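There are 2 protein chains.
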Amino acid sequence: MATNETTNGETELLHDDEVHPAADCRAMGQVLDRIGDKWTIMVVGALSHGPMRFNALMRRIGGVSHRMLTLTLRRLERDGLVKRTAFPTIPPRVDYELTPLAHSLIGPLAALAQWGEDHRVEIEQARAEFDQRTTEK
Amino acid sequence: MATNETTNGETELLHDDEVHPAADCRAMGQVLDRIGDKWTIMVVGALSHGPMRFNALMRRIGGVSHRMLTLTLRRLERDGLVKRTAFPTIPPRVDYELTPLAHSLIGPLAALAQWGEDHRVEIEQARAEFDQRTTEK
DNA sequence: CCGGATCCCTGTCGATACTG
DNA sequence: CAGTATCGACAGGGATCCGG
Numbered sequence: 109m110a111t112n113e114t115t116n117g118e119t120e121l122l123h124d125d126e127v128h129p130a131a132d133c134r135a136m137g138q139v140l141d142r143i144g145d146k147w148t149i150m151v152v153g154a155l156s157h158g159p160m161r162f163n164a165l166m167r168r169i170g171g172v173s174h175r176m177l178t179l180t181l182r183r184l185e186r187d188g189l190v191k192r193t194a195f196p197t198i199p200p201r202v203d204y205e206l207t208p209l210a211h212s213l214i215g216p217l218a219a220l221a222q223w224g225e226d227h228r229v230e231i232e233q234a235r236a237e238f239d240q241r242t243t244e245k
Numbered sequence: 109m110a111t112n113e114t115t116n117g118e119t120e121l122l123h124d125d126e127v128h129p130a131a132d133c134r135a136m137g138q139v140l141d142r143i144g145d146k147w148t149i150m151v152v153g154a155l156s157h158g159p160m161r162f163n164a165l166m167r168r169i170g171g172v173s174h175r176m177l178t179l180t181l182r183r184l185e186r187d188g189l190v191k192r193t194a195f196p197t198i199p200p201r202v203d204y205e206l207t208p209l210a211h212s213l214i215g216p217l218a219a220l221a222q223w224g225e226d227h228r229v230e231i232e233q234a235r236a237e238f239d240q241r242t243t244e245k
């Protein structure tokens, strides 16, 4: 399901020059396949405050469809990032919360978010300049 | 272009409880819209060693089509992350290199990649257990 | 050697409706 | 309230050809 990897995913005989960067890239590919989609990090962010019920999450995030929230939570649960607790009451109640594994992810994620905050203006500026250069010419 | 944001992008009156996490999530959304696609981080990784020509990049990355590499490089150039230098020789020669802005991104990115490396096994294990639980029952 | 344009297929997402 | 199934719309991405 990743970008491209051998069946093994371990032995990759490149030409000969470098090894570490390729490993980094594959690791990044793995990570992005897990959190790079549209809603995953939103869910993680929302759950970082503590456990939440399904509809609470949906309202908290906003814009996410019933279906996609379900799928996203399923995937997160499958990867061991979210703990799902169902109370067999009527009406049913299901709590979602981050696992320790997910909490360990928040640090690096926040670093990236910080980078986005810090350089948002630069990027928008670069875009504006680029667009102007290309459209006018 | 992002996931979902107000016209302003700044004033977002939530219920009342928290403010910072929402900002973080939006920032993350911005970042992921830029680097969350299939090839961007591969290109950044490949270019982190130094300037490279188009076909060298293509061979270095492997699996990327001519078209997608072009598009990815264009987007990176537009965002001010890649510097494109064309030599009007025959045959033409074009060098791509990361800008300082892109280099400042590598740190946080590497942190995330490191996280992926560190927890890959845990995740795969969680997956295996989840799949077994769901298929057998 | 490099970039753009076109065609087409596939996966992903949203809306809706239905079960427990 | 929580989850599932189905369907249709749409964009991402690969192959290929052509032009500088």
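These protein sequences, in sequence, are chains A and B. With our numbering applied, the first sequence corresponds to residues 109 to 245, in that order. With our numbering applied, the second sequence corresponds to residues 109 to 245, in that order. Glycine included, every Cβ here is placed at the ideal spot set by N, Cα and C. These numbers come from a predicted model, not from an experiment.
Note to self: Using a 10 Å radius around the Cβ and a threshold of 16 neighbouring Cβ atoms, would you call Gly-188 of chain B buried or exposed?
What the structure shows: buried
Reduced DSSP category for Val-202 of chain A - H, G, I as helix; E, B as strand; rest coil: strand
From Gly-73 of chain A to Leu-177 of chain A, what does the alpha carbon distance come to, in whole angstroms? The displayed coordinates of chain A run from 109 to 245. Any statement about residue 73 of chain A would go beyond what the structure contains.
Determine the chain B residues that contact Pro-216 of chain A at a beta-carbon separation under 8 Å, and present them in chain order. Pro-216, Ala-219, Leu-220, Gln-222 and Trp-223
Requested in this report: Excluding the 5 residues preceding and the 5 following Pro-216 of chain A in the sequence, name in chain order all residues of the same chain whose CB lies nearer than 7 Å to its CB.
Outcome: none
**Request:** Under the assumption that Leu-140 of chain A contacts Leu-206 of chain A (Cβ atoms under 8 Å), give the Cβ distance between them as a whole number of angstroms.
**Result:** Rounded, the Cβ-Cβ distance is 19 Å, inconsistent with contact.
For Leu-181 of chain A versus Tyr-204 of chain A, is the C-beta distance shorter than 8 Å? yes
What residues from chain A crowd round Glu-230 of chain B, counting only those whose CB sits closer than 7 Å? Gly-188 and Leu-209
* Listing by chain order, which chain A residues have their CB less than 9 Å from the CB of Arg-175 of chain B? -> Chain A residues near Arg-175 of chain B: none, gap ~16 Å exceeds 9 Å.
- Item | Rounded Cβ spacing between Ala-218 of chain A and Asp-145 of chain B (contact assumed at less than 8 Å) | Contact doesn't hold; Cβ gap of about 22 Å is too wide.
Near Arg-201 of chain B, which residues of its chain fall below 7 Å by C-beta distance, leaving aside the five closest residues on each side in sequence?
Arg-161 and Phe-195
Counting only beta-carbon separations shorter than 8 Å, does Met-166 of chain A have a partner in chain B? no
**Item:** Collapsed DSSP secondary structure at Val-172 of chain B in the structure displayed
**Value:** coil
Can you pull the chain B residues whose beta carbon is under 8 Å from the beta carbon of Phe-162 of chain A, in chain order? Going along chain B, no residue has its Cβ under 8 Å from Phe-162 of chain A, so there is no contact; the nearest lies around 18 Å.
Exercise. What are the residues that DSSP puts in a beta bridge with Phe-195 of chain A?
Worked result: A:Arg-201
key: Option in A:Gly-137, A:His-174 and A:Phe-238 with minimal Cα separation from Val-151 of chain A   = A:His-174
Problem set entry | Nearest-angstrom Cα separation, counted from Arg-142 of chain A out to Glu-225 of chain B | 13 Å
### Neighbour-count burial assignment, Thr-242 of chain A, 16 or more Cβ in a 10 Å radius
exposed
Subject >> Contact under 8 Å by Cβ, Met-90 of chain B with Ile-231 of chain A >> reply: A question about residue 90 of chain B goes unanswered here, because the residues of chain B that appear run from 109 up to 245.
Fill in: CB contact flag (Arg-186 of chain A, Gln-138 of chain B, <8 Å)
no
Output the distance between the C-alpha atoms of Thr-197 of chain B and Leu-165 of chain A, rounded to the nearest integer angstrom. 57 Å
Along chain B, in chain order, which residues have C-beta atoms closer than 8 Å to that of Val-139 of chain A? Leu-220, Ala-221, Trp-223 and Gly-224
For Glu-222 of chain A and Ala-236 of chain B, I'd like the C-alpha separation in whole angstroms. Position check: residue 222 of chain A holds Gln in this sequence, whereas Glu was assumed. Straight-line Cα distance between these residues: approximately 33 Å.
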